[in-house]
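Asks: Numbering-wise, the sequence shown is residues 270 to 568 according to our numbering.
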Amino acid sequence: MDGLTMYFGNYQHFVHQTSWGWMIAVYLFLGGLGGSMGALSSYFYLIRKEKHPLLFGLSTLLGIGLVNFGGIFLLIHMLKPWFAFFVWTHPTSWIFWGASFIMIYTIAGAVWGLSLISSSINFPFSQKLKTLNPSLVDKLGYISGIMGLLTAVYTGLLLSTAPAITLWSNPGLPVLFMVSALSTATAYFMLVSPSNIAHENEKLDIALLALEIIIISAFFNYLFISSAAGKYIISKMFSSIGFMGFFVVLGLLVPFFLEIYAIKKHSKSLVVLASILVLMGGFLLRFYILKFGYYTYPW
(Lines of atoms letter the chains of each structure in order from A and count residues from 1; the text may use other names and numbers.)
(Lines give C-alpha, C1' and ligand atoms only; values in the text may rest on other atoms or scores of the structure.)
Protein backbone atom coordinates (compact mmCIF):
# COMPACT_ATOMS: atom_id res chain seq x y z
CA MET A 1 0.00 0.00 0.00
CA ASP A 2 1.48 3.36 -1.07
CA GLY A 3 -1.18 5.76 0.19
CA LEU A 4 -4.32 6.05 2.30
CA THR A 5 -6.88 8.84 2.46
CA MET A 6 -10.50 9.41 3.49
CA TYR A 7 -13.02 10.48 0.86
CA PHE A 8 -16.66 11.16 1.82
CA GLY A 9 -16.23 9.11 4.97
CA ASN A 10 -14.62 6.12 3.23
CA TYR A 11 -10.97 5.15 3.27
CA GLN A 12 -9.24 4.71 -0.06
CA HIS A 13 -5.97 2.89 -0.64
CA PHE A 14 -3.61 3.83 -3.45
CA VAL A 15 -1.24 1.17 -4.74
CA HIS A 16 1.51 1.99 -7.22
CA GLN A 17 1.43 -0.03 -10.45
CA THR A 18 4.74 -1.70 -11.24
CA SER A 19 3.80 -3.72 -14.32
CA TRP A 20 4.50 -1.03 -16.92
CA GLY A 21 7.86 0.71 -16.66
CA TRP A 22 10.44 2.38 -18.86
CA MET A 23 10.21 -0.18 -21.68
CA ILE A 24 6.54 0.64 -22.21
CA ALA A 25 7.44 4.34 -22.06
CA VAL A 26 9.92 3.76 -24.91
CA TYR A 27 7.22 1.90 -26.87
CA LEU A 28 4.69 4.72 -26.37
CA PHE A 29 7.26 7.41 -27.22
CA LEU A 30 8.56 5.76 -30.39
CA GLY A 31 5.02 4.88 -31.47
CA GLY A 32 3.90 8.48 -31.13
CA LEU A 33 7.04 9.95 -32.72
CA GLY A 34 7.20 7.46 -35.59
CA GLY A 35 3.51 7.69 -36.38
CA SER A 36 3.57 11.49 -36.35
CA MET A 37 6.63 11.58 -38.61
CA GLY A 38 4.59 9.73 -41.21
CA ALA A 39 1.56 11.97 -40.66
CA LEU A 40 3.57 15.19 -41.04
CA SER A 41 5.44 13.83 -44.06
CA SER A 42 2.12 13.24 -45.82
CA TYR A 43 0.85 16.64 -44.72
CA PHE A 44 3.84 18.61 -45.98
CA TYR A 45 4.28 16.69 -49.23
CA LEU A 46 0.67 16.11 -50.29
CA ILE A 47 -1.19 19.05 -48.77
CA ARG A 48 1.42 21.79 -48.42
CA LYS A 49 3.06 20.67 -51.70
CA GLU A 50 6.60 20.88 -50.30
CA LYS A 51 8.53 19.10 -53.02
CA HIS A 52 11.23 17.34 -51.05
CA PRO A 53 10.46 13.69 -51.85
CA LEU A 54 13.73 12.36 -50.45
CA LEU A 55 13.22 14.08 -47.08
CA PHE A 56 9.62 12.99 -46.64
CA GLY A 57 10.14 9.52 -48.08
CA LEU A 58 13.06 8.79 -45.76
CA SER A 59 11.23 10.36 -42.81
CA THR A 60 8.23 8.10 -43.37
CA LEU A 61 10.45 5.03 -43.61
CA LEU A 62 12.32 6.06 -40.47
CA GLY A 63 9.01 6.67 -38.70
CA ILE A 64 7.83 3.17 -39.61
CA GLY A 65 11.13 1.79 -38.35
CA LEU A 66 10.76 3.61 -35.02
CA VAL A 67 7.19 2.39 -34.51
CA ASN A 68 8.13 -1.23 -35.14
CA PHE A 69 11.36 -0.97 -33.17
CA GLY A 70 9.33 0.34 -30.24
CA GLY A 71 7.14 -2.75 -30.53
CA ILE A 72 10.20 -4.86 -29.72
CA PHE A 73 10.33 -3.23 -26.27
CA LEU A 74 6.69 -4.20 -25.73
CA LEU A 75 7.38 -7.81 -26.70
CA ILE A 76 10.48 -7.97 -24.50
CA HIS A 77 8.46 -6.55 -21.61
CA MET A 78 5.79 -9.21 -22.11
CA LEU A 79 8.56 -11.87 -21.84
CA LYS A 80 6.36 -14.06 -24.04
CA PRO A 81 6.67 -12.56 -27.54
CA TRP A 82 4.52 -15.29 -29.06
CA PHE A 83 1.55 -13.77 -27.19
CA ALA A 84 1.60 -11.06 -29.88
CA PHE A 85 -0.28 -13.47 -32.16
CA PHE A 86 -3.22 -13.49 -29.73
CA VAL A 87 -3.73 -9.76 -30.38
CA TRP A 88 -5.55 -10.68 -33.59
CA THR A 89 -8.08 -12.83 -31.70
CA HIS A 90 -9.59 -9.89 -29.78
CA PRO A 91 -11.00 -7.44 -32.37
CA THR A 92 -12.80 -5.38 -29.73
CA SER A 93 -9.62 -4.43 -27.87
CA TRP A 94 -7.66 -1.22 -28.44
CA ILE A 95 -4.44 -3.18 -28.81
CA PHE A 96 -6.03 -5.02 -31.77
CA TRP A 97 -6.91 -1.71 -33.41
CA GLY A 98 -3.50 -0.29 -32.60
CA ALA A 99 -1.79 -3.28 -34.20
CA SER A 100 -4.06 -2.81 -37.24
CA PHE A 101 -3.15 0.88 -37.52
CA ILE A 102 0.55 0.02 -37.30
CA MET A 103 0.29 -2.77 -39.88
CA ILE A 104 -1.53 -0.59 -42.43
CA TYR A 105 0.83 2.32 -41.74
CA THR A 106 3.81 0.03 -42.25
CA ILE A 107 2.59 -1.35 -45.57
CA ALA A 108 1.16 1.84 -47.11
CA GLY A 109 3.94 4.03 -45.72
CA ALA A 110 6.69 1.70 -46.91
CA VAL A 111 5.39 1.66 -50.50
CA TRP A 112 4.80 5.43 -50.47
CA GLY A 113 8.14 6.25 -48.87
CA LEU A 114 10.10 3.98 -51.19
CA SER A 115 8.26 5.44 -54.19
CA LEU A 116 9.31 8.95 -53.13
CA ILE A 117 12.97 8.07 -52.75
CA SER A 118 13.13 5.89 -55.88
CA SER A 119 13.84 8.95 -58.02
CA SER A 120 16.96 9.75 -55.98
CA ILE A 121 18.21 6.39 -54.73
CA ASN A 122 18.59 3.22 -56.77
CA PHE A 123 17.72 -0.06 -55.07
CA PRO A 124 16.65 -3.50 -56.41
CA PHE A 125 13.02 -2.62 -57.24
CA SER A 126 13.24 1.16 -57.59
CA GLN A 127 12.51 1.00 -61.33
CA LYS A 128 9.23 -0.83 -60.70
CA LEU A 129 8.18 1.77 -58.14
CA LYS A 130 8.80 4.55 -60.66
CA THR A 131 6.17 3.00 -62.94
CA LEU A 132 3.40 3.07 -60.31
CA ASN A 133 0.38 5.25 -61.05
CA PRO A 134 1.02 8.66 -59.39
CA SER A 135 -2.61 8.77 -58.23
CA LEU A 136 -2.18 5.42 -56.47
CA VAL A 137 1.05 6.60 -54.85
CA ASP A 138 -0.70 9.73 -53.54
CA LYS A 139 -3.56 7.65 -52.14
CA LEU A 140 -1.05 5.46 -50.33
CA GLY A 141 0.52 8.64 -48.96
CA TYR A 142 -2.81 9.81 -47.55
CA ILE A 143 -3.47 6.38 -46.04
CA SER A 144 0.03 6.39 -44.55
CA GLY A 145 -0.53 9.83 -43.00
CA ILE A 146 -3.91 8.94 -41.51
CA MET A 147 -2.69 5.62 -40.12
CA GLY A 148 0.42 7.31 -38.73
CA LEU A 149 -1.73 9.83 -36.89
CA LEU A 150 -4.04 7.09 -35.59
CA THR A 151 -0.97 5.21 -34.37
CA ALA A 152 0.01 8.27 -32.33
CA VAL A 153 -3.53 8.61 -30.91
CA TYR A 154 -3.69 4.90 -30.12
CA THR A 155 -0.82 5.13 -27.64
CA GLY A 156 -3.01 7.32 -25.41
CA LEU A 157 -6.15 5.25 -25.95
CA LEU A 158 -4.26 2.13 -24.86
CA LEU A 159 -3.68 3.61 -21.40
CA SER A 160 -7.10 5.23 -21.09
CA THR A 161 -8.76 1.80 -21.02
CA ALA A 162 -7.44 1.14 -17.49
CA PRO A 163 -10.29 2.56 -15.33
CA ALA A 164 -8.75 1.39 -12.06
CA ILE A 165 -5.77 3.72 -12.62
CA THR A 166 -7.06 7.27 -12.17
CA LEU A 167 -4.25 9.06 -14.02
CA TRP A 168 -4.59 6.88 -17.11
CA SER A 169 -8.39 6.94 -17.34
CA ASN A 170 -8.38 10.73 -17.77
CA PRO A 171 -10.29 11.52 -21.01
CA GLY A 172 -7.69 14.10 -21.96
CA LEU A 173 -4.84 11.58 -22.14
CA PRO A 174 -5.27 10.49 -25.81
CA VAL A 175 -5.42 14.13 -26.91
CA LEU A 176 -2.37 14.99 -24.80
CA PHE A 177 -0.37 12.10 -26.25
CA MET A 178 -1.39 13.02 -29.81
CA VAL A 179 -0.35 16.67 -29.44
CA SER A 180 2.88 15.66 -27.72
CA ALA A 181 3.64 13.14 -30.48
CA LEU A 182 3.08 15.76 -33.20
CA SER A 183 5.34 18.14 -31.28
CA THR A 184 8.17 15.58 -31.16
CA ALA A 185 7.78 14.98 -34.90
CA THR A 186 8.03 18.71 -35.62
CA ALA A 187 11.18 18.73 -33.47
CA TYR A 188 12.61 15.99 -35.69
CA PHE A 189 11.84 18.01 -38.84
CA MET A 190 13.35 21.13 -37.26
CA LEU A 191 16.61 19.19 -36.94
CA VAL A 192 16.80 17.62 -40.40
CA SER A 193 14.87 19.87 -42.81
CA PRO A 194 15.97 22.66 -45.16
CA SER A 195 15.57 26.12 -43.67
CA ASN A 196 12.14 26.88 -45.17
CA ILE A 197 10.55 23.65 -43.90
CA ALA A 198 12.38 23.90 -40.57
CA HIS A 199 10.96 27.40 -40.15
CA GLU A 200 7.43 26.15 -40.84
CA ASN A 201 7.93 23.44 -38.23
CA GLU A 202 9.19 25.98 -35.70
CA LYS A 203 5.94 27.93 -35.99
CA LEU A 204 3.92 24.72 -35.87
CA ASP A 205 5.77 23.47 -32.79
CA ILE A 206 5.22 26.74 -30.92
CA ALA A 207 1.49 26.28 -31.50
CA LEU A 208 1.65 22.62 -30.48
CA LEU A 209 3.62 23.37 -27.30
CA ALA A 210 1.16 26.12 -26.38
CA LEU A 211 -1.69 23.67 -26.95
CA GLU A 212 0.12 21.02 -24.90
CA ILE A 213 0.48 23.45 -21.99
CA ILE A 214 -3.25 24.21 -22.14
CA ILE A 215 -4.18 20.51 -22.34
CA ILE A 216 -1.90 19.62 -19.41
CA SER A 217 -3.46 22.40 -17.34
CA ALA A 218 -6.95 21.09 -18.14
CA PHE A 219 -5.71 17.53 -17.55
CA PHE A 220 -4.60 18.32 -14.02
CA ASN A 221 -7.66 20.44 -13.30
CA TYR A 222 -9.88 17.49 -14.21
CA LEU A 223 -7.68 15.20 -12.13
CA PHE A 224 -7.91 17.51 -9.11
CA ILE A 225 -11.70 17.89 -9.10
CA SER A 226 -12.51 14.30 -10.08
CA SER A 227 -11.65 12.37 -6.92
CA ALA A 228 -9.45 11.98 -3.87
CA ALA A 229 -7.24 9.72 -5.97
CA GLY A 230 -6.69 12.61 -8.37
CA LYS A 231 -5.63 14.93 -5.56
CA TYR A 232 -3.28 12.29 -4.19
CA ILE A 233 -1.63 11.75 -7.60
CA ILE A 234 -1.24 15.49 -8.18
CA SER A 235 0.49 15.87 -4.82
CA LYS A 236 2.91 13.12 -5.83
CA MET A 237 3.60 14.54 -9.30
CA PHE A 238 3.99 18.15 -8.20
CA SER A 239 6.49 17.12 -5.52
CA SER A 240 8.58 15.17 -8.04
CA ILE A 241 11.75 16.98 -9.10
CA GLY A 242 11.94 14.78 -12.19
CA PHE A 243 8.42 15.55 -13.39
CA MET A 244 8.38 19.25 -12.55
CA GLY A 245 12.03 20.00 -13.29
CA PHE A 246 12.90 17.79 -16.22
CA PHE A 247 9.54 17.46 -17.97
CA VAL A 248 7.52 20.59 -17.17
CA VAL A 249 10.41 23.06 -17.10
CA LEU A 250 13.11 21.61 -19.39
CA GLY A 251 10.91 19.50 -21.64
CA LEU A 252 7.99 21.89 -22.11
CA LEU A 253 8.36 25.49 -20.93
CA VAL A 254 12.02 26.08 -21.84
CA PRO A 255 11.72 24.86 -25.47
CA PHE A 256 8.48 26.84 -25.87
CA PHE A 257 10.19 30.12 -24.99
CA LEU A 258 13.42 29.14 -26.78
CA GLU A 259 11.54 28.60 -30.03
CA ILE A 260 9.76 31.94 -29.75
CA TYR A 261 13.11 33.65 -29.16
CA ALA A 262 14.84 31.63 -31.91
CA ILE A 263 12.29 32.71 -34.53
CA LYS A 264 12.88 36.36 -33.68
CA LYS A 265 16.68 36.00 -33.67
CA HIS A 266 16.91 33.40 -36.49
CA SER A 267 19.15 31.28 -34.28
CA LYS A 268 19.78 27.76 -35.60
CA SER A 269 21.64 26.69 -32.46
CA LEU A 270 18.67 27.58 -30.24
CA VAL A 271 16.35 25.65 -32.56
CA VAL A 272 18.58 22.58 -32.25
CA LEU A 273 18.61 22.87 -28.45
CA ALA A 274 14.84 23.36 -28.32
CA SER A 275 14.29 20.36 -30.59
CA ILE A 276 16.39 18.09 -28.39
CA LEU A 277 14.51 19.28 -25.30
CA VAL A 278 11.14 18.66 -26.98
CA LEU A 279 12.18 15.09 -27.83
CA MET A 280 13.35 14.58 -24.26
CA GLY A 281 10.09 16.01 -22.95
CA GLY A 282 8.05 13.70 -25.17
CA PHE A 283 9.68 10.64 -23.64
CA LEU A 284 9.52 11.98 -20.07
CA LEU A 285 5.80 12.74 -20.37
CA ARG A 286 5.09 9.09 -21.08
CA PHE A 287 7.59 7.87 -18.50
CA TYR A 288 6.02 9.90 -15.70
CA ILE A 289 2.44 9.14 -16.75
CA LEU A 290 3.35 5.48 -16.29
CA LYS A 291 5.38 6.10 -13.14
CA PHE A 292 2.50 7.85 -11.35
CA GLY A 293 -0.11 5.26 -12.22
CA TYR A 294 -1.89 4.23 -9.01
CA TYR A 295 -4.62 1.68 -8.49
CA THR A 296 -7.45 2.90 -6.27
CA TYR A 297 -9.03 0.45 -3.82
CA PRO A 298 -12.02 1.62 -1.77
CA TRP A 299 -12.43 -0.09 1.60
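Note that the Cβ used here is the ideal one computed from N, Cα and C, for glycine as well.
Jot down the residue ranges of each uninterrupted alpha helix (DSSP H) in the stretch 368 to 447, minimum 4 residues, whole runs only, in chain order.
Replies: Those alpha helix (DSSP H) runs which fall completely within the stretch 368 to 447 and span 4+ residues are 395 to 399 and 403 to 429.
Asks: Would you list the residues sitting across from Y564 in a DSSP beta bridge?
Replies: For Y564, which the question treats as bridged, DSSP gives the partners V284 and I434.
Asks: Looking only at its own chain, which residues have a Cβ that is under 6 Å from the Cβ of A456, when we skip the five neighbours before and after it?
Replies: Cβ within range, chain order: S544, V547 and L548.
Asks: Should F313 be listed as close to the ligand MG, given that the test is whether its C-beta is under 8 Å from any heavy atom?
Replies: By its list of ligands, the structure shown contains no ligand whatsoever, and the ligand MG lies outside what it can speak to.
Asks: Alpha carbon to alpha carbon, what distance is there between S389 and K397?
Replies: The straight-line gap from Cα to Cα measures roughly 14 Å.
Asks: Suppose you measure from the CA of V284 to the CA of L426; what does that come to, to the nearest Å?
Replies: If you take the alpha carbons of V284 and L426, they lie about 22 Å apart.
Asks: Of the residues I434, K318 and L335, which one's Cα is nearest the Cα of G378?
Replies: Among I434, K318 and L335, the Cα nearest to that of G378 belongs to L335.
Asks: If distances are taken between C-alpha atoms only, which option among M292, I333 and L522 comes closest to I485?
Replies: That would be L522, whose Cα lies nearest to the Cα of I485.
Asks: Rounded to a whole number of angstroms, what is the C-alpha to C-alpha distance between V406 and V380?
Replies: If you take the alpha carbons of V406 and V380, they lie about 8 Å apart.
Asks: Would you check if the stretch 551 to 565 and the stretch 289 to 300 touch, i.e. whether three or more CB-CB distances between them fall below 8 Å?
Replies: Yes, the stretch 289 to 300 is in contact with the stretch 551 to 565.
Asks: Going by beta carbon distance, what residues of the same chain come within less than 6 Å of L383, once the five residues before and after it are set aside?
Replies: Within the same chain, L383 has close Cβ partners L398.
Asks: Can you name the start and end residues of the alpha helix (DSSP H) that E319 belongs to?
Replies: It is not in any alpha helix (DSSP H) - E319 carries neither H nor E in the DSSP assignment.
Asks: Can you tell which of G562, G290 and W366 has its C-alpha closest to the C-alpha of L442?
Replies: Here the closest residue by C-alpha is G562.
Asks: Buried or exposed: where does L385 fall if 16 or more other Cβ atoms within 10 Å of its Cβ makes it buried?
Replies: When all chains shown are included, L385 counts as buried.
Asks: Check each candidate in F370, G410, L553 and M306 and name the one with the smallest Cα separation from F515.
Replies: Minimum Cα distance to F515 is reached at L553.
Asks: When you compare only the Cα positions, how much space is there between N391 and H321?
Replies: C-alpha separation (whole angstroms): 17 Å.
Asks: Count the other CB atoms, across all protein chains shown, that sit within 10 Å of the CB of F526; report buried if there are 16 or more and exposed otherwise.
Replies: By the neighbour-count rule (16 or more Cβ atoms within 10 Å), F526 is not buried but exposed.
Asks: To the nearest angstrom, report how far apart E528 and L445 are at their CA atoms.
Replies: Rounded to the nearest angstrom, the two C-alpha atoms are 20 Å apart.
Asks: Counting C-beta neighbours from all protein chains within 10 Å, is the total for A476 16 or more, i.e. buried, or is it exposed?
Replies: Under this definition A476 is an exposed residue.
Asks: Assuming Y296 is part of the alpha helix (DSSP H), what are its boundary residues?
Replies: Looking at the DSSP string, the run of the alpha helix (DSSP H) that includes Y296 is W291 to S311.
Asks: Can you tell me where the alpha helix (DSSP H) holding G499 begins and where it ends?
Replies: Segment A497 to F507, the alpha helix (DSSP H) holding G499.
Asks: Report buried or exposed for P524, applying the criterion of at least 16 other Cβ atoms within 10 angstroms of its Cβ.
Replies: Burial call: buried.
Asks: Check this for me: beta carbons of Y501 and P440, under 9 Å apart or not?
Replies: Result no, Cβ atoms of Y501 and P440 do not sit closer than 9 Å.
Asks: Hey, how far is the Cα of V573 from the Cα of D474?
Replies: In the structure displayed, the chain extends from 270 to 568; residue 573 sits before or after that span and is not available.
Asks: Leaving out the 5 sequence neighbours to the left and right, which residues in its chain are closer than 6 Å to F370 when beta-carbon positions are compared?
Replies: Excluding residues within five positions, the ones whose Cβ falls inside 6 Å are M416, L419, T420 and Y423.
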